[in-house]
Structure formats: structure tokens, C-alpha cells
Amino acid sequence: MDAEIVEALRAGDEAAFAMLVAQYGASMLRVAQMYVRTRAVAEEVVQDAWLGVLRGIGSFEGRSSLKTWIFRILTNTAKTRGERESRSVPFSALEGVDDEAAVEPERFQSEGRWAGHWAAPPSPWTDIPENRLLSTETREVVARAIAALPPAQATVITMRDVEGFDSEDVCNVLGITETNQRVLLHRARSKVRRALEDYLGDH
Amino acid sequence: MKLARDLTCKELVELVTEYLEGGLTAAERERFEEHLGFCDWCVTYLDQMRQTLVAVGSLREDDVSPAMEASLLATFRGWKAR
Amino acid sequence: MIAYKLLEPGRVAPFSRVVWPEPGEWLEAESVDPCRSGIHACRALQLPPWLALGDLWEVELEDVVVDERKVVARRGRLVRRVDEWDPAAQRAFGVTCGDVTARRAERSPELQVFADDIATAPPAPVCGYMAARAAELQDGSAGYDAERRRQGEWLVEALRLVR
């Protein structure tokens, strides 16, 4: 499949290009926004990235998947642009300052025979109808929670859980190890769950 | 040998991502699941995590704006004509 | 053979997330790899550690591949939900756990706090866990296993389960 599309692109086939844009364009825009300040700049980054794809398609060797290659170009473009705007955080900084736990320690018993077990346990969300979980308001809470994450965590959860990349793709595109990716994903998901818990608990 | 019943809730919540990713060893997964067998609260927590993933996934919109699509096509035609 | 399974509301298997068909309809496993795939269930006496996972169901299994600490088979169908495992039965289960723990505390006073915890009437699975933990403190792993076995026998008797 990849080989066919690559051939078509090299031959200047507009339909092939349109198909790739339809497939990846929206994802690329969301990932670009992890690195730069505004949507407008993110759109420019995506434009530049596609130009980079077209310029490089002649020498694409197929050592990685087309998708991985496209997104690597995107993140490199976004990083460069982001650095210029001092917005992006280099991924070497992902051994983060935060050593935070998935759930605040106070919610567990700190001593006694049930030390480590819940002191303030979570309440089921089963009463929440599915349409409430997916309502515009709830999605805004989730989007805000992701936007408030440290950049590396935001990027990983966006790529994995919003965009549906698998973990191998994310590691290849971002140039991080599986372990790093897991840690970032864990912290990100834990924080978003917490944000949802706070929101759903109050309403 | 660490027993399933020695796994505390505090430890379990740190393993949830690993569990959902399929990254736990068979022995660790057994401990994790046995803990869930007696602990409704951790069952609830895991369920909340699953629902969180559903909510996060719902952010995905699959279409590029028409304006963006148009300008990308222009980019393509410019490149093709070089 | 007849065995038992805990399912979340909607007949959702707690770990695999598979939705079981309505009672009577067979569910086939694509492959059988204990702990990973195949139809998993347990004998009545093996139920106590799993009670938090949902509603209790009776299942009929065919082509049983594993029958030790749990049962794994190639196909199974739900027979009925065991509605006798209702709030009253669950409270009664908790009470017996409290009683045996209080008796253990007569021998070992430091276990009285466990009996007190159970007396606050947490959910049945938690009572079972606390009682087993207390037994373990008193008599080690053998104590833990014995208490879990006692709980299993209680369930068989009270809910008229198939052994």
C-alpha cells in the first residue's frame, strides 16, 4: 500500500496526495499544535511539512512506514518552528521534574493494617450516561486537561489516545524509548482522569 | 514470592497503564487481576480509566478544513509544476 | 460441566471485556491460552477471591482444557444469573466472615481490629478479603487458604451452588 502511494506521489498524482491529506491532515494539525502557540502557526507548520514530504518523496526508501516518515517530518518542522517561538520543550527534558503519583497520596491510608488501600475511594461513573461522557462540555474539560499537561505528556496522549497511533509509531516519530513513552502516557492519562473525576463529581 | 494479596491499591493505580497496554508479565497480571477480585474500588478506578480513554478519543475530528485543504492542493500543484 | 463466572452488568467479562451472549447461546473461544484466551470460569469453591468483579452467573462449559485453580474451556454458555447472591446473602456472607474473625481474635487479640473492620459492613468481597488476611496473620498461608475455602463452602451451601 505504501509503495503504491509513494509511486503515485512521485508521478504527481493529485488524488494520491488528496487521500494522504484526508488521512493524516487533521492529526498533523493537532500534533503541530503541541509545539507552537497558535492554530494559525500550526497550519503553516503543516503546510511546510507537506512541502517537505513532497520534496523528500523522491528519496524515501521505505525503511520506516510512510506514516511514521510523514509525522517525523511534521514534528521536526514543528519543533524548529516552536523553538524559534520558544514554545517547544525539547524531549530530552522528558525525564521530568515531576515525580507525581497517579492519585494523590492522601487518598490512600498511610498507616495501619490497610496501609496503601483506599481511604477516599473513587465513585463509579456508571451513572453517567454515555452521551454525557461525550458531551461538548465534557470534551472541553478533557481538551483543557490535555492542554494543561507538560508538553511531552500532552504530545504522547494526543498521539496515542486522540489520534490512535500505536506505541511503536509514537516512539519512532518522537525518538523516545518505549519506557519513556509509557511513563509519559501514564502521567498524562492519570491527570486527565483526575480532571474528569473533579468535573463529573461536581455536576 | 510477592503474593497477589500484597498488592495495595496505591501500587495498583500506578500499574493501570501498563496493564491496559499489555505490558505486565503473566505473574504481575495475575496479581493485578486478583486484587481487582476483592477490591471494588480499584475495579471502579480501572473502569474510570477506560472511560477516560473513551472521552479522550472523542476529541478526534477527522476532517481538515476546506480552506486548509485548498491551500494544500495549491502547494501540491506548485511543487508539481517546479 | 457447570462452573461460575463474575460478569459486569451487560454481561461484560471483567478482564477480556467480551460481551457474553444471552443465556443459552454458546460462546466459542478462538484459541485457548490460559490467562490470555479461552473461556475462563471457576468452580464454586474458587469464587471467594473474585466476588468484587460483578454479578454471579452460572455457566455451562464444554471442552474443558484446564481445571485447577480456575477452569478454562473452549466453549461455554450462560445458564442463569445466580440471583440468590443478593444484598441479603452478601450481608450474611459478611457476617460469617466477621464471626469467624471474632473467634480467631479470642485466640489472638490483635485480630479484634479486623473483626471490628468487618463489622462496619463493607461490601462482601472486602469482608472476605479482610477475614482471609486476619487468618493469614494468625496461621500464615495455610490460614489464608483455609479461610478462603471456608468462604467457598459457605457460598456452595447458602446459594446451593454446584461443587
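Protein chains in written order, with our numbering: chain A, 1 to 203; chain B, 1001 to 1082; chain C, 2001 to 2163.
We treat Cβ as the ideally placed atom computed from N, Cα and C, and that holds for glycine.
What you are looking at is a predicted structure, and each value in this text was computed from that prediction instead of being measured.
Below 6 Å CB to CB, which residues in the same chain sit around residue i once its five sequence neighbours on both sides are set aside?
i	result
Pro-2048 of chain C	Gly-2128, Arg-2148, Gln-2151, Gly-2152
Ala-49 of chain A	Ile-73, Leu-74, Thr-77
Ala-2119 of chain C	Gly-2098
Asp-2055 of chain C	Leu-2007, Arg-2081
Ala-154 of chain A	Met-34, Ile-146
Taking 7 Å as the cut-off, does the CB of residue i come closer than this to any heavy atom belonging to the ligand GDP?
i	result
Ala-1026 of chain B	This structure does not include the ligand GDP; it has no bound ligands of any sort.
Does the beta-carbon distance from residue i to residue j come in below 8 Å?
i	j	result
Ala-102 of chain A	Glu-1014 of chain B	yes
Leu-134 of chain A	Ile-157 of chain A	no
Tyr-2004 of chain C	Ala-2029 of chain C	no
Val-21 of chain A	Glu-1069 of chain B	yes
Pro-2034 of chain C	Val-2072 of chain C	yes
Thr-68 of chain A	Asp-2 of chain A	no
Ile-2039 of chain C	Gly-2076 of chain C	yes
Leu-1024 of chain B	Leu-1036 of chain B	no
Ala-26 of chain A	Asp-1063 of chain B	yes
Gln-204 of chain A	Thr-1075 of chain B	No information on residue 204 of chain A is available, as it lies outside the stretch 1 to 203 that chain A covers here.
Val-173 of chain A	Phe-71 of chain A	yes
Gln-1051 of chain B	Glu-197 of chain A	no
Tyr-2015 of chain C	Glu-1033 of chain B	The sequence as given places Phe at residue 2015 of chain C; Tyr does not occur at that position. Yes.
Glu-1011 of chain B	Gly-116 of chain A	yes
Ala-2121 of chain C	Gln-2112 of chain C	no
Val-162 of chain A	Val-1016 of chain B	no
Gln-2046 of chain C	Lys-2070 of chain C	yes
Glu-244 of chain A	Arg-187 of chain A	The structure shown does not extend to residue 244 of chain A, since chain A spans only 1 to 203, so no value can be given for it.
Asp-139 of chain A	Ser-1058 of chain B	Contrary to the premise, residue 139 of chain A reads as Arg rather than Asp in this sequence. The answer is yes: Cβ separation under 8 Å.
Pro-124 of chain A	Thr-1044 of chain B	yes
Asp-58 of chain A	Lys-1080 of chain B	In the sequence as displayed, the identity of residue 58 of chain A is Gly instead of Asp. No.
Trp-2057 of chain C	Leu-2078 of chain C	yes
Arg-2074 of chain C	Val-2012 of chain C	no
Which residues in the same chain as residue i place their Cβ atom closer than 8 Å to its Cβ, once the five residues preceding and following it in sequence are excluded?
i	result
Ala-93 of chain A	Its pLDDT being 48, under 50, Ala-93 of chain A is placed unreliably by the model, and nothing is read from it.
Ala-15 of chain A	Ala-8
Tyr-2144 of chain C	Ala-2132, Arg-2133, Ala-2135, Glu-2136
Ser-2108 of chain C	Leu-2137, Gln-2138
Val-141 of chain A	Ala-195, Leu-196, Tyr-199
Trp-2154 of chain C	Phe-2093, Thr-2096
In its own chain, which residues sit with a C-beta less than 7 Å from the C-beta of residue i, not counting the 5 before and 5 after it?
i	result
Val-2162 of chain C	Ile-2002, Ala-2044
Val-118 of chain A	Correcting the residue identity first, residue 118 of chain A is Trp in this sequence and not Val. Around Trp-118 of chain A: Arg-107, Phe-108.
Ala-2102 of chain C	Ala-2115
Pro-2021 of chain C	Leu-2027
Cys-171 of chain A	Thr-177, Glu-178, Gln-181
Phe-224 of chain A	Because chain A spans 1 through 203 in this model, residue 224 of chain A falls outside it and cannot be assessed.
Leu-2159 of chain C	Val-2082, Glu-2084, Trp-2085, Ala-2089
Glu-4 of chain A	none
Thr-38 of chain A	none
Taking only runs of the alpha helix (DSSP H) that begin and end inside the region 116-196 of chain A, which ones reach a length of at least 4 residues, in chain order?
-> 130-133, 136-147, 151-157, 167-174
Can you list, in chain order, the stretches of the alpha helix (DSSP H) that have 4 or more residues and sit fully within the region 33-113 of chain A?
-> Taken in chain order, the complete alpha helix (DSSP H) segments of 4 residues or longer contained in the region 33-113 of chain A are 39-56, 66-84.
Okay, do the region 60-79 of chain A and the region 28-46 of chain A touch, 3+ Cβ pairs below 8 Å being the bar?
-> yes
Pair every Cβ in the region 2090-2105 of chain C with every Cβ in the region 2054-2065 of chain C, then say whether three or more of these pairs are closer than 8 Å.
-> no
Members of the region 1038-1051 of chain B that neighbour chain C once the beta carbon cut-off is set at 8 Å | Phe-1038, Cys-1039, Asp-1040, Val-1043
So, do the region 190-198 of chain A and the region 140-148 of chain A have three or more beta carbon pairs nearer to each other than 8 Å?
-> yes
Within the chosen definition, does the region 1030-1048 of chain B reach the region 2110-2125 of chain C through at least 3 CB pairs nearer than 8 Å?
-> yes
Please name the residues in the region 1057-1069 of chain B whose beta-carbon is closer than 8 Å to at least one beta-carbon of chain A, in chain order.
-> Within the region 1057-1069 of chain B, the qualifying residues are Gly-1057, Ser-1058, Leu-1059, Arg-1060, Glu-1061, Asp-1062, Asp-1063, Val-1064, Met-1068, Glu-1069.
Check distances from the C-beta atoms of the region 97-114 of chain A to those of chain C and list, in chain order, the residues that come in under 9 Å.
-> Gly-112, Arg-113, Trp-114
Along the region 2049-2078 of chain C, what residues have a CB closer than 8 Å to any CB found in chain B?
-> Pro-2049, Trp-2050, Leu-2051, Ala-2052, Leu-2053
Chain A contacts from the region 2095-2119 of chain C (Cβ-Cβ distance under 9 Å) = Val-2113, Phe-2114, Asp-2117
Between the region 133-167 of chain A and chain B, which residues of the former have a C-beta closer than 8 Å to a C-beta of the latter?
-> Leu-133, Leu-134, Thr-138, Arg-139, Val-142, Ala-143, Ile-146, Ile-157, Asp-161, Val-162, Glu-163, Gly-164, Ser-167
Chain B contacts from the region 170-194 of chain A (Cβ-Cβ distance under 8 Å) | Arg-182, Leu-185, His-186, Arg-189, Ser-190, Val-192, Arg-193
Let me know the beta strand (DSSP E) ranges lying completely inside the region 2013-2097 of chain C, each 3 residues or longer, listed in chain order.
-> 2026-2028, 2039-2041, 2055-2067, 2071-2081
Mind listing which residues of the region 2008-2022 of chain C have their C-beta closer than 9 Å to chain B's C-betas, in chain order?
-> For the region 2008-2022 of chain C, the set of positions with a beta-carbon nearer than 9 Å to some beta-carbon of chain B reads Glu-2008, Pro-2014, Phe-2015, Arg-2017 in chain order.
Interfacial residues, the region 52-71 of chain A to chain B, with Cβ spacing under 9 Å | Those would be Leu-54, Arg-55, in chain order.
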